[in-house]
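Student: Using the working numbering, the letters of the sequence shown correspond one by one to residues -9 to 227.
Note that beta-carbon positions come from the ideal geometry of N, C-alpha and C, so glycine has one too.
Here you go, one structure.
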Amino acid sequence: MGIGSMLGFPVRGGRFRPPLGYRRTVAWLPCIGDIFPDFIANSTTGRISFHGWAEGKWTFFFSHPAAFTPVCSTEIACFANAQEDFDARNVQVLGLSGNPVETQLAWHSDIERMFDVKVEFPVIEDIAGELATGFGMIHANEAEVCPIRKSFIIDPALKVRMIFEYPIRVGRSSAETLRVIDALQIIDRHEVATPSDWMPGKKVILPYGMSDEEATATYGSDWQKLSDYLKFVRLDA
Ligand code: BEZ
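Pasting the structure below:
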């Protein structure tokens, strides 16, 4: 049973109509729970066939607006600096850019000069914007010609697990990205949920609907109850 039906929601609504000026043909976009589409693209480290490259590992796949721009430079340096943290979690990093590979590589040299960090992860080129459009990375009212800062976290079975969308002038955080990867990995390992502002080592939430008897059978006496629907336990990892 899905979470929606457990909570008593009807299967699908359908009554929402966007304001007139925003009505467009609705295209499919990858959503949480979908298998991320396969694609082939050139990248800064060679040709990538996505499913073959990504299967069996976690993927942090992000678009950025443009090479040789300020906020993007800080983001690429930030993700490159976190390379060991991504590796430790079995996460591959993959960027998407509207710039050609040669431009990306020249820019990465400049990033190395400015931030003293090497960009080891691949960044694919999407000059015509076909992939960016297909993945919902173009938000025309924010920027007509370049992608916004959109990120997907994709699991080893190629399923989309998290989607973030940031505007052009707000840079992303590697710390927040790693935090949600840790959250996704712990909920998969223990079938629990993570509360607001959860950090590794903090208490997690017992499965929705788990009875007190099941909780004691699973966790012993170490779990805490705030209500029938909110119970916590601290897990090692
Ligand atoms: C930036 O990363 O700062 C940026 C990106 C696209 C256009 C302008 C600025």
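(1) Using the rule of at least 16 other Cβ atoms within 10 Å of the residue's Cβ for burial, across every protein chain shown, is T184 buried or exposed?
(2) Output needed for S201: all residues of its chain with C-beta closer than 6 Å, excluding positions within five of it in sequence on either side, in chain order.
(3) Going by the C-beta, is V61 closer than 7 Å to any heavy atom of the ligand FAD?
(4) Return the CA-CA distance between K47 and S39, expressed in angstroms with no decimal places.
(5) Please classify F40: does DSSP put it in a helix, a strand, or coil?
(6) Between the Cα of F69 and those of Y12, P112, P20, spot the shortest distance and give me the residue it belongs to.
(7) Looking at the structure shown, is E110 part of a helix, part of a strand, or coil, going by DSSP?
(8) Under 7 Å: does the beta carbon of C68 sit that close to some heavy atom of the ligand BEZ?
(9) Scan the region 27 to 83 and note each continuous beta strand (DSSP E) run of 3 residues or more that stays entirely inside, going in chain order.
(10) Below 8 Å, how does it come out for the region 61 to 81 and the region 117 to 129: are there three or more Cβ pairs, yes or no?
(11) Would you call the region 154 to 173 and the region 76 to 84 in contact, with 3 or more CB pairs under 8 Å?
(12) Note down, in chain order, each residue of its chain lying with its Cβ closer than 7 Å to the Cβ of R159, except the 5 sequence neighbours on either side.
(13) Taking the alpha helix (DSSP H) that S164 falls in, what are its first and last residues?
Tutor: In this structure, then:
(1) Looking up residue 184 in the sequence shown gives position 194. Its Cβ being crowded by 16 or more others within 10 Å, T184 is buried.
(2) Position 211 of the sequence shown, counted from the start, is the residue given in the question as residue 201. Non-local C-beta neighbours of S201 in its own chain, meaning closer than 6 Å and more than five positions away in sequence, are absent.
(3) Absence of the ligand FAD from the depicted structure is noted, with the ligand BEZ being the only ligands included.
(4) The sequence position of residue 47 within the sequence shown is 57, counting from 1. The sequence position of residue 39 within the sequence shown is 49, counting from 1. If you take the alpha carbons of K47 and S39, they lie about 14 Å apart.
(5) Counting from one through the sequence shown, the residue named residue 40 turns up at place 50. Secondary structure at F40: helix, using DSSP grouped into helix, strand and coil.
(6) Reading the sequence shown from its first residue, position 79 is the one you call residue 69. Among Y12, P112, P20, the Cα nearest to that of F69 belongs to P112.
(7) Against the sequence shown, residue 110 aligns to sequence position 120. Coil, per DSSP.
(8) In the sequence shown, residue 68 corresponds to position 78, counting from 1. Every heavy atom of the ligand BEZ is 7 Å or more from the Cβ of C68, so no.
(9) Unbroken beta strand (DSSP E) stretches of 3 residues or longer found wholly inside the region 27 to 83: 30 to 33, 36 to 39, 48 to 53, given in chain order.
(10) Between the region 61 to 81 and the region 117 to 129 there are fewer than three C-beta pairs closer than 8 Å, too few to call the two in contact.
(11) Short answer: they touch.
(12) For the purposes of this step, residue 159 is taken as the residue at position 169 of the sequence shown. Close CB contacts of R159 within its chain, under the 7 Å cut and outside five residues either way in sequence, are with V61 (chain order).
(13) Counting from 1 along the sequence shown, the entry for residue 164 is found at position 174. That run of the alpha helix (DSSP H) goes 164 to 180.
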